[in-house]
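Chains as they are written, first to last, in this note's numbering: chain L, 252 to 347; chain C, 175 to 647.
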Amino acid sequence: MISKDDIKNLAKLARLEVAEAELERLQKELPEILSFVEMVQKASTNLKAGVPEHRNITRPDENPIESGTYTETLLKAAPAREGDRIAVKQVISRKK
Amino acid sequence: MDLSKLTIASARKALDAKEFTARELTEAYLDEINKKNGELQAYLEVWSESAREEAKKADERIARGESAPLTGIPLAIKDNMLVVDRRITAASKILENYIASYDASVIKKLKEQNAVLLGRTNMDEFALGSSTENSAFGPTKNPHDISRVPGGTSGGSTAAVAANLALGALGSDTGGSLRQPAAFCGTVGFKPTYGAVSRYGLIAAASSLDQIGTVGKTVEDAQIIFDAIRGHDENDSTSLPDSAFTKTASVKKVVGVPRAFLKEGVEADMLENFEQTLKSLKAAGYSIVDVDLPALEYSLAVYYIINPAEVSTNLARFDGIRYGLSVPADTIGETYERSRGIGFGPETRRRMLVGTFVLSSGYADAYYRKARDVRELIRADFAKAFESVDAIAMPTSPTAPWKIGGKADPLSVYAADIFTVPINLAGVPAISIPSGSVERDGKKLPVGFQIIAPHRGEAGLFAIAKDVEKSAV
Chain L
252 MISKDDIKNL AKLARLEVAE AELERLQKEL PEILSFVEMV QKASTNLKAG VPEHRNITRP
312 DENPIESGTY TETLLKAAPA REGDRIAVKQ VISRKK
Chain C
175 MDLSKLTIAS ARKALDAKEF TARELTEAYL DEINKKNGEL QAYLEVWSES AREEAKKADE
235 RIARGESAPL TGIPLAIKDN MLVVDRRITA ASKILENYIA SYDASVIKKL KEQNAVLLGR
295 TNMDEFALGS STENSAFGPT KNPHDISRVP GGTSGGSTAA VAANLALGAL GSDTGGSLRQ
355 PAAFCGTVGF KPTYGAVSRY GLIAAASSLD QIGTVGKTVE DAQIIFDAIR GHDENDSTSL
415 PDSAFTKTAS VKKVVGVPRA FLKEGVEADM LENFEQTLKS LKAAGYSIVD VDLPALEYSL
475 AVYYIINPAE VSTNLARFDG IRYGLSVPAD TIGETYERSR GIGFGPETRR RMLVGTFVLS
535 SGYADAYYRK ARDVRELIRA DFAKAFESVD AIAMPTSPTA PWKIGGKADP LSVYAADIFT
595 VPINLAGVPA ISIPSGSVER DGKKLPVGFQ IIAPHRGEAG LFAIAKDVEK SAV
């Protein structure tokens, strides 16, 4: 059983503002979705431990782009800027 | 020129033979868009001016005798692939005013061929849905019956091609998002092998499932666009080396059908249509055999764990700080929560919350990790089946297109993906080919027939798909 507080907590984890009316709807919908997908637990999976088929591929860290090449391009998309920086609200504040 | 009869292949010949110019062809499509897009809402934005410029350049290239397969061909682009200096939104309020900073690799390749980009097409927000009803900018209508959905999430792209508002289109397919709307609109929809086409510049939904693919009126057209956009890209670490693909295929003409999987939830006349197409394939020299894919019964459940998990992770990047909608607030935390709360639509929010749940400490083992393991069983089922058959056939959709607004609860929409999600979970290529129609409320609605091939088996897939095309009603 998922309580309204559980949904609120999930929304907090997802950094998502959810209005009261939507909480009510989600409280009905999420358990329905979860009880449907729970059927995976019935499948027997005794996968052999071994080397996984998939692995990460990373690009060699070389030939860096000259600093500043894309600064303007990317800053153009930012909601707020100060000089060549994206402006944000203070993240760390001194304890009062 | 008669747009309804034109294909990419025939337009290529006509352009090269100077029967009409790329500019004339482009104008013809812009006229048609003007007439019909108001009603259909296939396009969210039409790029008339740049399309005319591109057509002009294409004509110059054709005049030099240097045309590439897509030179001067008017195409539509799903609104989740970046086109530099263009507004690209993934049909979301959170990106409503976002201007792309660079070209997606697929767009770069189309531009290199001097294709004509007509505009960006409607979709379900962030490619989450099955009907294009989840667009923040209103649903697209099915050209065969405007009271019905075109399918989704690439419903704008398939509706555009079906209504002659583009000669072909790009879309993306995460769980059927090209094949199902292609089936609903009566076009070909093709999802390549995972890794066959670069996703650099595709707005990510679920990264282990997403694949860019193509829409065409014919199998040949879908293949021509695919040939233009495929290939390894160092900017996409999941893209496969070109050497992984073979150019030709030896097709033994054996097609498997997972009978046990087709028992439930398929509308009677849809199943009848599927059987008819199988019969005509038989008549064309194919042998049809039963295949057993026992893990497929878990596909939908696995998909609706893995997809939300990856969606919630991918969409964490939208924070109101670097780009996209930003709602001012007192603290940075509130800026995140409000921007996301206002910017994302209902289905997207639902998936992010389900995804957060299945990945959360205490539940990740029972949901996400378990789903990942069951996914391996599905993958293994396909691998085993392909030891004895060239391809597997399934209906593309269990139902005909539904009425706009007709499916209110999320689970009933998820159920519509039953025959398409297993393919993305396995990462194999598949194509939906038009195969006749069924009737609903006195209107004829298209039906799709789906062919699935092994990893990197595109050559064989196209060969069989062309036979289906020839033999289908």
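Ideal Cβ positions, reconstructed from N, Cα and C, are used throughout, including at glycine. Fair warning: this is a prediction, and the values are worked out from it, not measured in the lab.
Asked, Found
"P608(C) - partner residues in DSSP beta bridges", "G622(C)"
"Buried versus exposed, by CB contacts within 10 Å (16 or more), T263(C)", "buried"
"Contacting positions in the segment 544-563 of chain C - beta carbon closer than 8 Å to chain L", "K544, A545, D547, V548, E550 and L551"
"Cβ pair I638(C), A545(C) closer than 9 Å", "no"
"Beta-carbon gap between A265(L) and R496(C) smaller than 9 Å", "no"
"Pick from Y478(C), T509(C), Y477(C) and A483(C) that is closest to F492(C), judged by C-alpha positions", "T509(C)"
"Whole-angstrom C-beta distance between A338(L) and R332(L), which should lie under 8 Å", "6 Å"
"Exposure label - R260(C); buried when at least 16 CB within 10 Å", "buried"
"Cβ-based neighbour list, A379(C), same chain, cut-off 7 Å, excluding 5 preceding and 5 following", "F300, A301, L302, T348, V485 and N488"
"Between the CA atoms of T296(L) and F289(L) - distance to the nearest angstrom", "The sequence as given places Glu at residue 289(L); Phe does not occur at that position. Their Cα atoms are separated by approximately 14 Å."
"contact_flag[the segment 406-418 of chain C, the segment 550-564 of chain C] where n(CB pairs < 8 Å) is 3 or more", "no"
"Spatial distance of T570(C) from E286(C) (CA atoms)", "33 Å"
"Which listed residue (K577(C), D384(C), R238(C) and L635(C)) has its alpha carbon closest to that of G601(C)", "D384(C)"
"Positions along the segment 306-337 of chain L whose CB lies within less than 9 Å of some CB in chain C", "N307, I308, T309, R310, Y321, T324, L325, K327, A328, A329, P330, A331 and I337"
"Cut-off 6 Å between Cβ atoms - residues of its own chain near A627(C), not counting five sequence neighbours on either side", "A565, P603, G634 and L635"
"Rounded C-alpha distance that separates P311(L) from G319(L)", "21 Å"
"Q215(C) (DSSP reduced to helix, strand or coil)", "coil"
"For T295(C), the three-state DSSP class (helix, strand or coil)", "strand"
"Interface flag, I320(C) vs chain L, CB-CB below 9 Å", "no"
"Contact under 9 Å by Cβ, R523(C) with L267(L)", "yes"
"CB of L619(C) within 9 Å of CB of P572(C), strictly", "no"
"Proximal residues to V440(C) (C-beta, below 6 Å), its chain only, five neighbours per side dropped", "P572"
"Run of the beta strand (DSSP E) containing E248(C), from where it starts to where it stops", "Looking at the sequence shown, residue 248(C) is not Glu but Pro. Segment P248 to K252, the beta strand (DSSP E) holding P248(C)."
"Short CB-CB distance (under 9 Å) between E273(L) and chain C", "yes"
"Proximal residues, the segment 499-513 of chain C versus chain L, C-beta separation under 7 Å", "S500, T505, I506, T509, Y510, E511 and R512"
"Simplified DSSP state of M175(C), which is helix, strand or coil", "coil"
"Cross-chain neighbours of S534(C) in chain L, by beta carbon under 8 Å", "L261 and L264"
"Close-in-space but distant-in-sequence residues of the same chain around P482(C) (CB under 6 Å, 5 per side omitted)", "R525, V528 and G529"
"Separation of Y272(C) from E561(C), as counted between CA atoms", "47 Å"
"Interface flag, M568(C) vs chain L, CB-CB below 9 Å", "no"
"8 Å Cβ cut-off: residues of chain C touching Q292(L)", "A540 and K544"
"C-beta neighbour in chain C for K340(L), strict 9 Å", "yes"
"Buried versus exposed call for M175(C) [16 or more other C-beta atoms within 10 Å across all chains shown]", "exposed"
"Secondary structure, beta strand (DSSP E): runs of 3+ residues fully inside the segment 560-613 of chain C", "565-569"
"Beta-ladder partner(s) of F364(C), from DSSP", "T388(C) and I605(C)"
"Check whether S304(C) and T332(C) have beta carbons under 9 Å apart", "no"
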